[in-house]
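Scroll down for the structure; my scribbles are underneath it.
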Amino acid sequence: MLYYLLKRLFYTLPIALGVTLIVFMLVHLAPGDPLNAVVPADAPAEVVERLRQAYGFDKPLPIQYLIWMGHVATGELGTSIATGRPVAGEIGPAILNTLLLALAAAFVGFSGGTLLGGIAGFTQGRAWDKLATGLAITGVSVPHYWLGIVLVIFFSVELNLLPAMGMGPGGSSAWAWDWLHVRHMVLPVVTLSVIPLGVVARTVRSCVAEILNQEFVQALHAKGLLNRQVVGHVVKNAAPVVLAVIGLQLGYLLGGSILVETVFSWPGAGFLMNDAIFRRDLPLLQGTILVLALFFVLLNLFVDLIQTMFDPRIRRG
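The opening residue of the sequence shown carries number 39 in the numbering used here; numbering runs sequentially from there.
This is how it looks when you write it as structure tokens:
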């Protein structure tokens, strides 16, 4: 297992390096001058040039990339053009807020999806199977932004039951596990968890149905094992595939939070990145995308290791 872990870490390094290169190039190849966001149109040319030199935008792109990578290696992500504050200080609280939202949505989506998929898989062809499959397909088909807006109109505007914006009293700095704050999470979490719930439900249903039709399950019944013991074997065999899908959906939750956080004004990394795009704040945009992308890479590594624990054949392959 230790050898497999070291091998996966070795393969992860070039992926992480490629991520930094893609993030740098995507942001810098975007049209427009990043200084336009902070420098008035009538500013003297010498002032614009001094700012360009201060941020290093006057250097060739390969040199800018090497300088940026040197700073990234030491944890320095630059200074926000719009606010003048360190990018790392801006991203830290936003990432925590995104993780809070993503983990809550993951709990709802994965537990609900596993339950729905399990019910559908073990009751193939019956009414419960059709109901669970219908809910799963509906969940996959509904766009985030549309569902978020509908929930806001119905629960916030029409019924006035739940808030539509922010993190509650005191904002992110005073967030706590009480109803005054948790009620602000309900609509964003429901919106964000619907698609993972549908994807996981369909995956679990498909895996369970396929495994139940295999000969070894019939052999387990023939040996006289109890139904709950057979279910345990089915769950163990389905776990690697389901874990792989859950790992991909965790990354999707981080990416999907961009739209959801914008709809609900949730001060997370997605909301911060959206704000950086509109302000053309390149250092902040680079830093936010880089942290989210590297987090996704590490998340896949973690899921891969968990899969290997359930299925040693992956390690031998």
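Idealized CB from N, CA, C, for every residue including glycine.
As the structure is a computational prediction, the values presented were derived from the model and not from experiment.
Problem - Inter-stretch contact at 8 Å, needing at least 3 Cβ pairs: the segment 54–69 / the segment 330–340 - result: yes
Handout entry: Separation of residue 309 from residue 296, as counted between CA atoms
Key = Locating residue 296 in the sequence shown gives position 258, where the first residue counts as 1. Locating residue 309 in the sequence shown gives position 271, where the first residue counts as 1. Their backbone Cα atoms lie some 6 Å apart in a straight line.
Handout entry: Beta bridge counterpart(s) of residue 117 as assigned by DSSP
Key = For the purposes of this step, residue 117 is taken as residue 79 along the sequence shown, with counting starting at 1. Residue 117 pairs with 124.
Problem - Neighbourhood of residue 166 by C-beta, 8 Å cutoff - its chain only, sequence neighbours within 5 removed - result: The sequence position of residue 166 within the sequence shown is 128, counting from 1. Around residue 166: 157, 158.
Exercise for the section: Output the distance between the C-alpha atoms of residue 305 and residue 135, rounded to the nearest integer angstrom. Expected result: Within the sequence shown, numbered from 1, the residue matching residue 305 stands at position 267. Within the sequence shown, numbered from 1, the residue matching residue 135 stands at position 97. If you take the alpha carbons of residue 305 and residue 135, they lie about 7 Å apart.
Practice task
Report yes or no: do three or more beta-carbon pairs, one from the segment 140–158 and one from the segment 240–249, lie closer than 8 Å?
Solution key: Yes, since at least three Cβ pairs between the segment 140–158 and the segment 240–249 fall closer than 8 Å, the two stretches touch.
Problem - Pair within 8 Å by beta-carbon distance, residue 66 and residue 115 - result: In the sequence shown, residue 66 corresponds to position 28, counting from 1. In the sequence shown, residue 115 corresponds to position 77, counting from 1. Not in contact: residue 66 and residue 115 (Cβ atoms no closer than 8 Å).
Practice task
Might you give, ordered along the chain, the residues of its own chain that have their beta carbon closer than 7 Å to the beta carbon of residue 142, omitting 5 neighbours on each side?
Solution key: Translated into positions along the sequence shown, residue 142 becomes position 104. So the qualifying residues of the chain are 223, 227.
Problem - Helix, strand or coil at residue 202 [DSSP, three-state] - result: For the purposes of this step, residue 202 is identified with residue 164 of the sequence shown, where counting begins at 1. Residue 202: coil per DSSP, three-state reduction.
Handout entry: Length of the line joining the Cα atoms of residue 266 and residue 253
Key = Walking along the sequence shown from the start, residue 266 turns up at place 228. Walking along the sequence shown from the start, residue 253 turns up at place 215. Each residue's Cα considered, the two are about 18 Å apart.
Exercise for the section: Report the rounded CA-to-CA distance for residue 117 versus residue 93, giving the unit in angstroms. Expected result: For the purposes of this step, residue 117 is identified with residue 79 of the sequence shown, where counting begins at 1. For the purposes of this step, residue 93 is identified with residue 55 of the sequence shown, where counting begins at 1. Approximately 9 Å, taken between the alpha carbons.
Problem - For residue 249 and residue 272, believed in contact at Cβ under 8 Å, the rounded distance - result: In the sequence shown, counting from the first residue as 1, residue 272 sits at position 234. In the sequence shown, counting from the first residue as 1, residue 249 sits at position 211. Contact between residue 272 and residue 249 holds, with the beta-carbon distance rounding to 5 Å and staying under 8 Å.
Practice task
Check each candidate in 188, 194, 151 and name the one with the smallest Cα separation from residue 171.
Solution key: In the sequence shown, residue 171 corresponds to position 133, counting from 1. Answer by Cα proximity: 151.
Practice task
Report yes if the C-beta distance between residue 213 and residue 206 is below 8 Å; otherwise report no.
Solution key: For the purposes of this step, residue 213 is identified with residue 175 of the sequence shown, where counting begins at 1. For the purposes of this step, residue 206 is identified with residue 168 of the sequence shown, where counting begins at 1. In this structure, residue 206 lies closer than 8 Å to residue 213 by Cβ.
Exercise for the section: Starting from residue 334, follow the alpha helix (DSSP H) in both directions and report where the run begins and ends. Expected result: Counted from its first residue, the sequence shown places residue 334 at position 296. 320–348 is the span of the alpha helix (DSSP H), which, as asked, contains residue 334.
Problem - Given 8 Å, three or more beta-carbon pairs between the segment 178–187 and the segment 228–239 - result: yes
Exercise for the section: Starting from residue 234, trace the alpha helix (DSSP H) both ways and give me its first and last residue. Expected result: Numbered from 1 along the sequence shown, position 196 holds the residue referred to as residue 234. Start and end: 217–250.
Practice task
Between the Cα of residue 121 and those of 299, 261, 323, 337, spot the shortest distance and give me the residue it belongs to.
Solution key: Start at 1 with the first residue of the sequence shown, and residue 121 comes out as number 83. Nearest C-alpha to residue 121: 323.
Exercise for the section: Would you kindly report the start and end of the unbroken alpha helix (DSSP H) that includes residue 166? Expected result: The sequence position of residue 166 within the sequence shown is 128, counting from 1. It spans 165–179 - the alpha helix (DSSP H) in which residue 166 sits, taken as one unbroken run.
Exercise for the section: Could you tell me how far apart the beta carbons of residue 239 and residue 174 are, in whole angstroms, since I believe they sit closer than 8 Å? Expected result: Here residue 239 corresponds to residue number 201 of the sequence shown, with the count starting at 1. Here residue 174 corresponds to residue number 136 of the sequence shown, with the count starting at 1. With 8 Å as the limit, residue 239 and residue 174 qualify as a contact, their Cβ atoms being about 4 Å apart.
Problem - Residue closest to residue 123, alpha-carbon to alpha-carbon, out of 337, 325, 46, 335 - result: Here residue 123 refers to the residue found at position 85 when the sequence shown is read from its first residue. Among 337, 325, 46, 335, the Cα nearest to that of residue 123 belongs to 325.
Exercise for the section: Report all residues from its chain with a CB closer than 6 Å to the CB of residue 303; omit the five preceding and five following residues, and keep chain order. Expected result: Residue numbering aside, residue 303 sits at position 265 when the sequence shown is read from its first letter. The residues are 203, 204.
Practice task
Return the chain-ordered list of same chain residues with a C-beta closer than 8 Å to the C-beta of residue 105, the five sequence neighbours on each side being excluded.
Solution key: The residue given as residue 105 occupies position 67 in the sequence shown. For residue 105, where only same-chain residues beyond five positions count, the Cβ hits under 8 Å are 94, 97.
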